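Convert by adding 648 to the 1-based position in the sequence shown; the result is the number in our numbering. Even for Gly, the Cβ is constructed at its ideal location relative to N, Cα and C. Quantities reported herein were computed from a predicted structural model and do not represent experimental measurements. Below you'll find the structure, written out as C-alpha cells, and then a few comments.
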Amino acid sequence: MVKETEYYDVLGVSPSASEEEIRKAYYLKARQVHPDKNPNDPHAAERFQVLGEAYQVLSDPVQRDAYDRNGKYSISRETMLDPTAVFALLFGSELFEDYIGHLAVASMASSELACETDNPDNLHDKLKASMLFQGVQKEREEKLARTLKDFLNQYVRGDKEGFLQHAESEARRLSDTAFGVEILHTIGYVYSRQAAQELGKKAIYLGAFQLLQLQEDMRRQFKMDGSGPENDVESHIRLNKDTLMNSLWKLNVVDIEVTLVHVCQMVLRENNVKKEELKARALALKILGKIFQGIGRLFRCLCNPAFDVDDDEIVFKSK
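In C-alpha cells form, the structure reads like this:
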C-alpha cells in the first residue's frame, strides 16, 4: 500500500504502473496541458508544473519509494528540474522538428504506437508495433533529408554569405529553447563528423553517445574526493540532481545520432547527383555543424570575424 496516490492520479496511472506506462502517461498529458498549447489558460503553467513534478518523482526509483512510503511532503522541491526542460529532454521541441523530427521516445509514447504495445508479451503485437515504427522512422528520415538538402542548397547555389547568416540565425533561435544548446551540440557534432568523413578526413570520431559517456566519466572522476555520500534519500537527490537529466538525455542521444547518420548519408551520397554538388553539400554541412556546435562555447560560431571560411577548410585567421 502507498501512503498517497496524488502523483499517480495526476498522471492517471495506478501505483503499480511500470516506468514505460508512467512515461507514456506523462507524454500524452504534457502535450495536452503544455503552456504553449494553452496560451489563454492562466492555470496551464501550474498544471504543467505539477505534472512535471509527478513525473520526476515517479520516474526515479529512490524518490518513488520515498513517496510511496511517506507521501509527497518527504520530497524536496528544491531539487526539481524545470518541467519545460524535462519535457524537452524526453520528447524534444517542436522547434527542432526540421532537424531531428519526432523523437522515437515520443513516437513510442504516442497514441497510435502505444496502442500497439499494450500487450508486450504478445508476439504478434510486438511485430506489428515494430513494423509500424520502422515505417514511421523511414518517413521521418526521408522528410529530414529533404529539409536538410533545401537548407544546404543555398550554399551549393553560391550564396555562401546568405547561408552563413541563415545558419547563425537558426542557431541563435534554437539555442533559446529548453535544452536547446545541448540538442544543437549533438546535431552539430553528427553533421560535422559525417561531412568530414565524406570529405576524406582521416580523423577518428567518437559517436555522440560515446562522447556523452566520456564526458560523464570525466565529471564523475572529478567528483570522487574520497568522501562517500550519506545513505539517505535527501543525499541521493541532492548529490545526483543531474542523474534524471542525464538519463533522459541518453534516451535521445542514440536516437538522434542514428537518425542523422542516415539522413546525412542520404543527402551526401544521393544517386544521380554530380560529385561537385555532393562535395559542396558536404562543405556546407560541415560549416552548419560547426556553427551548431559553436553556440555557447569559446569557439562561438564561424560568423565570428576571427574565423575565415573557404571551400576546403575552416581556418583561424592569422593576425
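Legend entry - Option nearest Val915 by Cα separation, candidates Lys651, Asn688 and Glu789: Taking the sequence shown and counting its residues from 1, one reaches residue 915 at position 267. Checking every option, the nearest Cα to that of Val915 belongs to Glu789.
Inset, instruction - Give a yes or no on contact between the segment 716-728 and the segment 742-755, applying the rule of three or more CB pairs nearer than 8 Å. - result: no
Legend entry - DSSP-derived helix/strand/coil call for Glu694: Your numbering for residue 694 matches position 46 in the sequence shown. DSSP places Glu694 in helix when its eight states are reduced to three.
Legend entry - Cβ-based neighbour list, Gly836, same chain, cut-off 6 Å, excluding 5 preceding and 5 following: For this step, residue 836 is matched to residue 188 along the sequence shown. Contacts found: Gly937, Phe940 and Gln941.
Inset, instruction - Give the DSSP-derived three-state secondary structure of Asp746 in the structure shown. - result: Along the sequence shown, read from residue 1 onward, the residue named residue 746 stands at position 98. The answer is helix: DSSP assigns Asp746 an H, G or I state.
Legend entry - 7 Å CB neighbourhood of Val658 in its chain, flanking five on each side removed: Position 10 of the sequence shown holds residue 658. Val698, Leu699 and Ala702.
Inset, instruction - Put His682 into one of helix, strand or coil per three-state DSSP. - result: The sequence position of residue 682 within the sequence shown is 34, counting from 1. The answer is coil: DSSP assigns His682 none of H, G, I, E or B.
Inset, instruction - Rounded to whole angstroms, what's the CA-CA distance from Asp684 to Arg805? Just pull it up for me. - result: Here residue 684 refers to the residue found at position 36 when the sequence shown is read from its first residue. Here residue 805 refers to the residue found at position 157 when the sequence shown is read from its first residue. Approximately 37 Å between the Cα atoms of the pair.
Inset, instruction - Would you give the residue range spanned by the alpha helix (DSSP H) that Val710 belongs to? - result: For the purposes of this step, residue 710 is identified with residue 62 of the sequence shown, where counting begins at 1. It spans Pro709 to Asn718 - the alpha helix (DSSP H) in which Val710 sits, taken as one unbroken run.
Inset, instruction - Report yes if the C-beta distance between Ala692 and Asn686 is below 7 Å; otherwise report no. - result: Reading the sequence shown from its first residue, position 44 is the one you call residue 692. Reading the sequence shown from its first residue, position 38 is the one you call residue 686. Contact: yes.
Legend entry - Contact under 7 Å by Cβ, Tyr655 with Val734: Within the sequence shown, residue 655 is the residue found at index 7, counting from 1. Within the sequence shown, residue 734 is the residue found at index 86, counting from 1. Going by C-beta atoms, Tyr655 is not nearer than 7 Å to Val734.
Legend entry - Arg917 (DSSP reduced to helix, strand or coil): As a working note, residue 917 is residue 269 in the sequence shown. Arg917: coil per DSSP, three-state reduction.
Legend entry - Which of helix, strand or coil DSSP assigns to Asp798: Numbered from its first residue, the sequence shown carries residue 798 at position 150. The answer is helix: DSSP assigns Asp798 an H, G or I state.
Legend entry - Nearest-angstrom beta carbon gap, Gly740 and Asn900 [assumed within contact, 8 Å]: Locating residue 900 in the sequence shown gives position 252, where the first residue counts as 1. Locating residue 740 in the sequence shown gives position 92, where the first residue counts as 1. Between Gly740 and Asn900 the Cβ distance is about 7 Å, and since that is below 8 Å, they are a contact.
Legend entry - Inter-residue CB distance, Val753 and Leu738 (contact presumed, cutoff 8 Å): The count along the sequence shown starts at 1 and reaches residue 753 at position 105. The count along the sequence shown starts at 1 and reaches residue 738 at position 90. Contact flag correct, Cβ pair sits at about 6 Å.
Legend entry - Proximal residues to Tyr803 (C-beta, below 6 Å), its chain only, five neighbours per side dropped: For the purposes of this step, residue 803 is taken as the residue at position 155 of the sequence shown. Within the same chain, Tyr803 has close Cβ partners Phe811 and Ala932.
Legend entry - Alpha-carbon spacing of Asn801 relative to Val906, whole angstroms: Within the sequence shown, numbered from 1, the residue matching residue 801 stands at position 153. Within the sequence shown, numbered from 1, the residue matching residue 906 stands at position 258. CA-to-CA, the gap between Asn801 and Val906 works out to about 23 Å.
Legend entry - Alpha carbon of Thr653 to alpha carbon of Ser662, nearest angstrom: Working through the sequence shown from its first residue, we reach residue 653 at position 5. Working through the sequence shown from its first residue, we reach residue 662 at position 14. Roughly 8 Å separates the two Cα atoms.
Inset, instruction - Alpha carbon to alpha carbon, how far is Lys934 from Lys786? Give it in angstroms, no decimals. - result: If you number the sequence shown from 1, residue 786 lands on position 138. If you number the sequence shown from 1, residue 934 lands on position 286. Cα to Cα, the separation comes out at about 24 Å.
Inset, instruction - Going by CA-CA distance only, name the one from Leu822, Thr732, Leu780 and Lys797 that's closest to Asp675. - result: By one-based count along the sequence shown, residue 675 stands at place 27. In the sequence as displayed, the identity of residue 675 is Tyr instead of Asp. Of the listed residues, the one whose Cα sits closest to Tyr675 is Thr732.
Inset, instruction - Keeping to the same chain, check which residues put their C-beta closer than 8 Å to that of Leu926; ignore five residues upstream and five downstream. - result: One-based indexing of the sequence shown puts residue 926 at position 278. Hits under 8 Å: Glu846, Leu916, Arg917 and Glu918.
Inset, instruction - Work out the CA separation of Asp807 and Pro709 for me, nearest whole Å. - result: Sequence index remark: in the sequence shown, residue 709 carries index 61 (1-based). Sequence index remark: in the sequence shown, residue 807 carries index 159 (1-based). Whole-angstrom Cα-Cα distance: 53 Å.
Legend entry - Alpha-carbon spacing of Gly848 relative to Val829, whole angstroms: As a working mapping, residue 848 is identified with position 200 in the sequence shown. As a working mapping, residue 829 is identified with position 181 in the sequence shown. Taking the straight line joining both Cα atoms gives about 28 Å.
Inset, instruction - Compute the Euclidean distance between the alpha carbons of Ile831 and Lys922, then round it to the nearest angstrom. - result: Numbered from 1 along the sequence shown, position 183 holds the residue referred to as residue 831. Numbered from 1 along the sequence shown, position 274 holds the residue referred to as residue 922. C-alpha of Ile831 to C-alpha of Lys922: approximately 32 Å in a straight line.
Legend entry - Alpha carbon of Lys797 to alpha carbon of Ser724, nearest angstrom: Residue numbering aside, residue 797 sits at position 149 when the sequence shown is read from its first letter. Residue numbering aside, residue 724 sits at position 76 when the sequence shown is read from its first letter. Lys797 and Ser724: Cα-Cα distance of roughly 48 Å.
Legend entry - Whether Ala843 touches Ala930 by CB criterion (7 Å): Position 195 of the sequence shown, counted from the start, is the residue given in the question as residue 843. Position 282 of the sequence shown, counted from the start, is the residue given in the question as residue 930. Yes, they are a contact pair.
Inset, instruction - Determine the contact status of Asp903 and Leu751, defining contact as a CB-CB distance below 7 Å. - result: Counting from 1 along the sequence shown, the entry for residue 903 is found at position 255. Counting from 1 along the sequence shown, the entry for residue 751 is found at position 103. Yes, the Cβ-Cβ distance between Asp903 and Leu751 is below 7 Å.
Legend entry - DSSP three-state assignment for Asn688, whether helix, strand or coil: Numbered from its first residue, the sequence shown carries residue 688 at position 40. Asn688 falls in the coil class under three-state DSSP.
Legend entry - Rounded separation between Arg820 and His814 - CA only: On the sequence shown, position 172 is the one that residue 820 refers to. On the sequence shown, position 166 is the one that residue 814 refers to. If you take the alpha carbons of Arg820 and His814, they lie about 10 Å apart.
Inset, instruction - May I have the straight-line CA-CA distance separating Val650 from Glu816, to the nearest angstrom? - result: Mapped onto the sequence shown, residue 650 falls at position 2. Mapped onto the sequence shown, residue 816 falls at position 168. Roughly 51 Å separates the two Cα atoms.
Inset, instruction - Count the other CB atoms, across all protein chains shown, that sit within 10 Å of the CB of Arg841; report buried if there are 16 or more and exposed otherwise. - result: On the sequence shown, residue 841 is found 193 positions in, with the first residue counted as 1. Result: buried.
Inset, instruction - Report, in whole angstroms, the separation of the C-beta atoms of Val838 and Leu792, which I expect to be a contact under 8 Å. - result: As a working mapping, residue 838 is identified with position 190 in the sequence shown. As a working mapping, residue 792 is identified with position 144 in the sequence shown. Not a contact, Cβ separation roughly 12 Å.
Inset, instruction - Have a look at Glu667 and His682 and give me their C-alpha separation to the nearest angstrom. - result: Taking the sequence shown and counting its residues from 1, one reaches residue 667 at position 19. Taking the sequence shown and counting its residues from 1, one reaches residue 682 at position 34. Each residue's Cα considered, the two are about 21 Å apart.
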